[in-house]
Amino acid sequence: MPDANVTLVQGDITEQTVDAVVNAANSSLLGGGGVDGAIHRKGGPEILAECRRLRDAQYPEGLPTGEAVATTAGRLPARWVIHTVGPVWARSEDRSELLASCYRESLRAARGLGARTVAFPAISTGVYGWPLDDGARIAVATARREGEGFDEVRFVLFDERSYGVFAAEV
Ligand code: AR6
């Protein structure tokens, strides 16, 4: 089976000209720091308004960890933002399947929208504390396995260190 076209860039997820960018959100869908803060700041209030509507209509208890849902991308150069909730890292419990699920469900949502190109940040590796090397391994393996049919599945790494760790997996 041919691998998906998995690529890497060092940069800012909010500047990617792709069909869909993925947001490392939290279950409230109401914004936060890191990638989430940057996406809402640059994308403008339309994204938050749609998140609120989705939350009220479909996720009154919040979006569960490992699931994904799409909104407009507002003023970002992408067409859609796909919000997914990564697991918080825990030493006592293996939550790898939930992290893989974020990538898989985001790609499924992207496919449903007709997206051909998708950009991901390194989900859970910031505020949620996931070790970067393990997060990179799960991210790349899942994108390869689940990304068939996309023109490009791009990982966008904010700094040189995370770029280097992902590069070792690709
Ligand atoms: N573009 C690309 N990558 C970025 C950017 C950016 N603009 N900003 C940070 N990163 P995080 P999480 C990297 O914390 O760990 C929020 O408050 C960052 O260096 O954004 O899934 C949410 O609301 C790190 O490697 O996401 C949640 O509460 C990676 O993106 C919580 O944080 C992910 O870091 C989610 O935590």
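Heads up: the sequence shown begins at 2 in the working numbering, then just goes up one per residue. Ideal Cβ placement from N, Cα and C applies to all residues, glycine included.
For A26, the enclosing beta strand (DSSP E) has its first and last residue at A21 to A26. Around the beta-carbon of G38, fewer than 16 other beta-carbon atoms lie within 10 Å, marking it exposed. Our two residues, T72 and A79, have alpha carbons roughly 11 Å apart in a direct line. Excluding sequence positions up to five before and after G148, its CB lies within less than 7 Å of the CB of A5, V7, L108 and V154, all in the same chain and listed in chain order. In the DSSP annotation of this structure, E62 is not part of any alpha helix (DSSP H), being labelled neither H nor E. Comparing C-alpha distances from V22 to each of A123, W90 and S93 shows the shortest one belongs to A123. By the criterion of a C-beta distance shorter than 8 Å, L133 is surrounded in its chain by A123, T126, R162, S163 and V166, once the five residues flanking it on both sides are discounted. Rounded to whole angstroms, the gap between the alpha carbons of A116 and N24 is 15 Å. G130 counts as exposed, since fewer than 16 other beta carbons sit within 10 angstroms of its beta carbon. In this structure, the C-beta of I83 stays at least 7 Å away from each heavy atom of the ligand AR6. Excluding the 5 residues flanking it on each side, S97 has same chain C-beta neighbours closer than 8 Å at D135 and I139, in chain order. For A123, the secondary structure class from DSSP, reduced to helix, strand or coil, is coil.
For the pair V86 and P61, the CB atoms are not nearer than the 8 Å cut-off. For R96, the secondary structure class from DSSP, reduced to helix, strand or coil, is coil. Here T18 is exposed. Its C-beta has fewer than 16 other C-beta atoms within 10 Å.
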